[in-house]
Every structure is written in C-alpha cells, then in structure tokens.
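Encoded as structure tokens, the structure appears first; notes follow it.
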Amino acid sequence: MEKKLVLNSKWCKGCGICAEFCPKDVLAIDHEHCYVVNEKDCIKCGLCELRCPDYAIWLEEEDK
Amino acid sequence: MPSKLIESTMRTENLPHIWCPGCGHGILMRDVAQAIDNLGLDHDKVVIVSGIGCSSRAAGYMDFNTLHTTHGRAIAFATGVKLANPELTVIVITGDGDAAAIGGNHFIHACRRNIDITVVVFNNNIYGMTGGQYSPTTPTGEKGTTAPYGNIDYDFDLPELAKAAGATFTGRCTAYHVPQAIKLLEAAIQNKGLSMVEGLSVCPTYYGRKNKKGGVIKMYNWQKNNCIDVKKAEKMDPEELEGKILMGEFYHKEKPEYCEQYEAIIEKCGGNK
Ligand SMILES: Cc1ncc(C[n+]2csc(CCOP(=O)(O)OP(=O)(O)O)c2C)c(N)n1
Ligand code: SF4
Ligand code: SF4
Ligand code: SF4
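Going down the list, the sequences are from chains A and B.
In this text, residue positions in the first sequence follow my numbering: the first is 133, and each later residue adds one.
In this text, residue positions in the second sequence follow my numbering: the first is 1241, and each later residue adds one.
Right, dumping it as structure tokens:
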C-alpha cells in the first residue's frame, strides 16, 4: 500500500521539530507553520509523525 | 481527520492541546497511546489517572477511562481503582512535581506495595503549569523562579528512587527517542507490579528560557546527543559517559503483586461471600 504524507495546519504550532529531524529535508517552517517543500524526497520513514507534539503531520495509507 | 492512532486514542474534539509549541508532553502522550494500541488492550479496560500540572492534562485528552484528580494524588486514586477492579490496566500520567514533590509519599508507598500500576512521569525538570518553580528533579545549579541564583538541592533519580522503594520495573525514555520509548512503555505496562517510567520531557517555555537552553530545537538535539541506552553504555568508557544520561530498561524483577496478595487474604478468611 502507498503511503501519503498529510499535514493538518490547524493543529500545527510551528515548533520545527519535524523539519529539523526529517532525514531528507522534506519539510520547512514558514510563518510559524510547517510546509512540505520537497515531497519527492520523502522516504515515508514516519519520524515526523512520531515526533510531532501536536499530531499535525502523519502518513496515511492510500487505498489503490 | 487525524491519523488512525490519534482518532482511536484521543478525544480529538479537545485537540489541539494547550501545551506550548514544542512541549515534550505531546510526544510522550502519543507514546503512551501507541504502546496501549500496540499491546492490543481493550480501551474500555484501560484507565488513565493523572494529578495536576501541564503533564497531568493528558487525562483530559486521552480517550480511555480517565480520572483527572488533585495535585499529587493520582497514585492514591489509581491504587483505589486497581484494588476495586484488578482486571483494569491502570496507567498514571504525572509530572515531576506531581509525583515526586507533593505526591512523593504516595509514589514511594505504591512502589513498596508493588501494586500493578504503571506510573509514567513526564519529567520536564520544573513546575511548568505554575510558571517555572524548581522541582525535585531540577538539576543542582539550574534556575527556576524560586531559585533565581541556581538550585542548591540535589535532584532525585526517579527510577533509582522507585527501585529502592520496591518497584519491580523501572526505566527511562526521552521525548526525542520515540521508538525506544514506545517499546519501554509496552514492557512497563506488561509487568505485573509497579512499573515506573521516567519520560524526559522538554519545557521550552519555562525550563528552557530560565536556563537559556536555546529553544525547542536545541533542547531536542541535547536529548539526541546526550541520552544513551544502558546497553550501549555498558560498552563505553567512563570518560565517554561523563555528563550523559542513561535511558532504557533499568530493572525488572518478579515479585508478588499487591492485589493478588490482598485476594489471597480474602480467600484465607473464607472468600468473598
Ligand atoms: C494542593 C495544590 N498545591 C499546589 C497547586 C499548584 N500547582 C499546580 S500544578 C503544580 C506543579 C506541577 O508541576 P509538575 O507536576 O512537574 O507538572 P508540569 O506542569 O511541569 O508538567 C502546582 C504546584 C495545586 N494545584 N494544588
Ligand atoms: S512537529 Fe508538528 S507542530 Fe511542530 S512544526 Fe512540525 S507539524 Fe507543526
Ligand atoms: S516521513 Fe520521513 S522523510 Fe518523509 S517528511 Fe516525514 S520525516 Fe521526512
Ligand atoms: S509550560 Fe512547559 S510543560 Fe507546560 S505546556 Fe508549556 S512547555 Fe509544556
């Protein structure tokens, strides 16, 4: 099953943890919110999901 | 819609939570939820009990049976719940102030009894909720509103304290090291007896600012670079371990559990008639 990176900006507090520890520099913070800037490099490791204190970013399984 | 895990373990209508940006409590709360989920426990048979503090707000967010009690008394309430219905999985989420200052006596005596409760202390080294007073885990020399020139007390090593008091499972994890934390919490919940897990949290707002820790990212990098698994530490030189903090499972021992002992007394006296 394919996995998709999902962001919920409403819950994101812009702490920057996900971007700092993403092994592939997929994420960045701008105006106190997280953005996906480089989706093609995402290896779907899920580390951002594990460390987001606000549950604002996660991997979702896409039914194909 | 949030992730499946959050949907099934949190009261999403109460989210986002009130914790500050980058607060480690959010990560540790997710770890507890993930551990419960990984163990496949029936959510209706899980009870989360907390006291008062930023950390203790967890009971308001987690979608299980929850009890948000008074400051320092979470373990006392949890003891009552567990004794009344030993079938339940009882998990206390507490802070360093809640567990080790005002609730210190409940903490050591629950350990001494070896009652089957898992106590997870979200340790941010300070009283976060009330604005940054020093706690029993504020390291010596560090600052708080009540220690503007540096704390002269020595800090508690909570897993050591729990072990000395009689707990049968102790360990430490960090907000940064998530997979390890989830594994440790699973083992702690499975231990039949008092399990104590110290979760090193991050309070950028009070502990961080008061002690010039350089903000959220620096504080997580500090955990990343300074917390070492006990097993790895065994192979390291003492010089390399200078200033490092150990994490992982520290202690695990079988010992008769309190509710079972109590049941045995009832049997001895003619049973539950
Ligand atoms: C009986 C009583 N005394 C004092 C307080 C004030 N108080 C509320 S939270 C708190 C400290 C919480 O610190 P901790 O348990 O470390 O949690 P944190 O907020 O740091 O997560 C104190 C002293 C209270 N609510 N009740
Ligand atoms: S870790 Fe979560 S809250 Fe923090 S910036 Fe990333 S998505 Fe936002
Ligand atoms: S899943 Fe991994 S690679 Fe993809 S954004 Fe998250 S941390 Fe980065
Ligand atoms: S004051 Fe500290 S412990 Fe409380 S929510 Fe803010 S960062 Fe977290």
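In this text, a Cβ means the ideal position worked out from N, Cα and C, and glycines have one as well.
In the structure shown, B:Leu1481 falls within a coil segment according to DSSP collapsed to helix, strand and coil. Note that the C-beta distance between B:Ala1314 and B:Val1287 is not below 7 Å. The beta carbons of B:Ser1296 and B:Ile1333 sit about 7 Å from each other, so the pair counts as a contact at 8 Å. Counting only the Cα atoms, B:Met1436 lies some 12 Å from B:Gln1430. Taking C-alpha positions only, B:Pro1261 is separated from B:Gln1274 by approximately 21 Å.
Cβ-Cβ distances below 7 Å link A:Ile161 to Gly146, Gly148 and Ala151 in the same chain, with the five nearest sequence neighbours on each side left out; the list follows chain order.
DSSP places B:Asn1363 in the strand class (E or B) of the three-state scheme.
Residue contact check for A:Cys147 against chain B: a CB pair falls below 7 Å. If only uninterrupted alpha helix (DSSP H) runs of at least 4 residues are considered, those enclosed by the region 1295–1338 of chain B are 1298–1301 and 1314–1324. Judged by beta-carbon spacing, B:Gly1439 lies within the 7 Å limit of B:Leu1268, meaning their Cβ atoms are closer than that value. Cβ atoms of A:Val138 and A:Trp190 come within 8 Å of each other, at about 6 Å. Annotated three-state conformation of A:Asp162 is strand, per DSSP.
Under the Cβ criterion of 7 Å, B:Ile1276 is not counted among the residues facing chain A. A direct Cα-to-Cα measurement between B:Phe1362 and B:Gln1463 gives close to 14 Å.
Look at the beta carbons and you see the region 1338–1352 of chain B touching the region 1369–1378 of chain B: at least three pairs across the two are nearer than 8 Å.
B:Thr1410 is a Cβ neighbour of B:Phe1490, given a cutoff of 7 Å. Closer than 7 Å to the CB of A:Asp186 there is at least one CB belonging to chain B. Judged by the Cβ position, B:Lys1285 fails to qualify as a neighbour of ligand 2 at the 6 Å threshold, every heavy atom of the ligand being at least this far. For A:Leu139, the nearest beta carbon of chain B is not closer than 7 Å to its own beta carbon. In this structure, the alpha-carbon of B:Ala1316 lies about 12 Å from that of B:Val1359. Counted as a single uninterrupted DSSP element, the beta strand (DSSP E) harbouring A:Lys135 occupies residues Glu134 to Leu139. Apart from the 5 residues on each side of it in sequence, B:Asn1305 sits with its Cβ closer than 6 Å to the Cβ of Val1287 in its chain, given in chain order. Among the residues facing chain B, A:Glu171 is not included, as its CB has no counterpart in that chain under 7 Å away. Under the Cβ distance rule, A:Leu159 does not count among the residues neighbouring chain B, no pair being separated by less than 7 Å.
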